[in-house]
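K.L.:
Below you'll find the structure I mean.
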Amino acid sequence: MYEWLILAVSMVLVCAAVLAFTNLRHRRVAEDEDTNETPDVIEYMTMMVGVVYAIVLGLAIAGVWEARGAAEDNVRREAQALYEVSQRVDVYPGPVRDRIRDEVSDYVSHTVAVDWPLLTDDKAPSAEGTALLGKLRTDITHQSPATELQAQAYQPLLDHIATADDARHARNQGAGSTLPGMVWFGLLTGAVVTIGLIFTLQIRRSGRELLLAGLFSALIVFLLFLVWSLDAPFGREGTDAAAPFLDLFPAAVAQAAG
1281 MYEWLILAVS MVLVCAAVLA FTNLRHRRVA EDEDTNETPD VIEYMTMMVG
1331 VVYAIVLGLA IAGVWEARGA AEDNVRREAQ ALYEVSQRVD VYPGPVRDRI
1381 RDEVSDYVSH TVAVDWPLLT DDKAPSAEGT ALLGKLRTDI THQSPATELQ
1431 AQAYQPLLDH IATADDARHA RNQGAGSTLP GMVWFGLLTG AVVTIGLIFT
1481 LQIRRSGREL LLAGLFSALI VFLLFLVWSL DAPFGREGTD AAAPFLDLFP
1531 AAVAQAAG
């Protein structure tokens, strides 16, 4: 919810600043200034700056969107691999089956309750999650198949654990901001320049011009907010990005929440 509050406040502040500056400039304009025509070179420069900034902004949105998609895919692979482990272990004896399923639940609970807040805060994951997954791998590896069904399930179980481990490493490496600080400096500077060029077109205080200036400024703010929001692959708050874990392991997630 606080993200939408940030967006609303930012849009209001930028629009208010543009409108206030327009009114201030109109009051200080010289009486003999011709506001009916704008030099062609200024219109051309304004158009070119807007086009270049639109390209850069579009590339930034595409980059953070791709990173968000890759992060979601890693989470889905990890959750699905662990779910397959909990299902395929059904061919083992009751005590072994229950122990492995409990270890899967413990790992999922720890991931959602402990590791996820660390991911959203751009911090390193806890060592306990690695230990829990290592314990699960060790138990499955050391469990010798006693029947034909167990022998058929043994290698797929190891493969799914390897997939979950690989997805976990990819998830941890994909946490944090996607765009470097230099790109953010360029985006913010470009936004200021692009909005500032509105005033080189000799905008006046007519309702139509003020409306267009406000809408244009609000659009720039919204697009920057979109980049900022998507720049966190696992979200800015909550566990919404952990939806695969929530869907496949509702009991473990409820235990973590409790």
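Be aware that the sequence shown starts at 1281, since it is given in the numbering used here, and climbs by one per residue.
Beta carbons: idealized from backbone N, C-alpha and C, even for Gly.
Please read these numbers as outputs of a predicted model, since none were measured by experiment.
1. Would a C-beta distance cut-off of 9 Å place L1399 and A1442 closer than the cut-off?
2. Helix, strand or coil: how does DSSP classify R1417 here?
3. Is it the case that the Cβ atoms of V1230 and R1451 are separated by a distance below 9 Å?
4. Spatial neighbours of Y1363 within its chain, please: CB distance less than 6 Å, with the 5 preceding and 5 following residues excluded, ordered by chain position.
5. Compute the Euclidean distance between the alpha carbons of D1382 and A1361, then round it to the nearest angstrom.
6. Does DSSP classify S1385 as helix, strand or coil?
7. Are at least three pairs of beta-carbons, each pair with one atom in the segment 1331-1339 and one in the segment 1459-1474, less than 8 Å apart?
8. Going straight from the alpha carbon of V1294 to that of E1517, what length do you get?
9. For A1522, which residues from the same chain have a beta carbon less than 7 Å from its beta carbon, with the 5 sequence-adjacent residues on both sides left out?
10. Rounded to the nearest angstrom, how far is the Cβ of T1302 from that of L1495, given a contact under 8 Å?
11. For P1524, which option in A1444, R1357 and Y1434 has the closest C-alpha, if you only look at C-alpha atoms?
12. Could you check the C-alpha separation between A1493 and L1299 for me, to the nearest Å?
13. What whole-angstrom Cβ distance do M1291 and V1501 have, given they're in contact under 8 Å?
14. Take G1330 and list the residues in its own chain whose beta-carbon comes closer than 7 Å to its own, dropping the five residues that flank it on each side.
15. Can you tell me which of the three DSSP states Y1372 falls into?
16. Assign P1447 to one of two classes, buried (16 or more other C-beta atoms within 10 Å of its C-beta) or exposed (fewer than that).
17. How big is the Cα-Cα spacing for Q1367 and T1427?
18. How close, in whole Å, do the beta carbons of L1510 and R1379 come, if the pair is a contact with beta carbons under 8 Å?
19. With DSSP as the reference, label P1524 as helix, strand or coil.
P.N.:
Inspection of the coordinates gives the following:
1. no
2. helix
3. Examination of residue 1230 is not possible in this model, given that the chain is present from 1281 through 1538 alone.
4. L1528
5. Taking the straight line joining both Cα atoms gives about 15 Å.
6. helix
7. yes
8. Computed Cα separation, rounded: 25 Å.
9. Counting only Cβ-Cβ distances below 7 Å, and skipping sequence neighbours, we find V1355, V1392 and W1396.
10. Wrong, their Cβ atoms sit about 14 Å apart, outside the cutoff.
11. R1357
12. 8 Å
13. 5 Å
14. T1474
15. Here Y1372 sits in coil by DSSP.
16. According to the sequence as given, residue 1447 is Ala; it is not Pro. Residue environment for A1447: buried (at least 16 other C-beta atoms within 10 angstroms of its C-beta).
17. 17 Å
18. Going by Cβ atoms, the distance from L1510 to R1379 rounds to 40 Å, so no, they are not a contact pair.
19. helix
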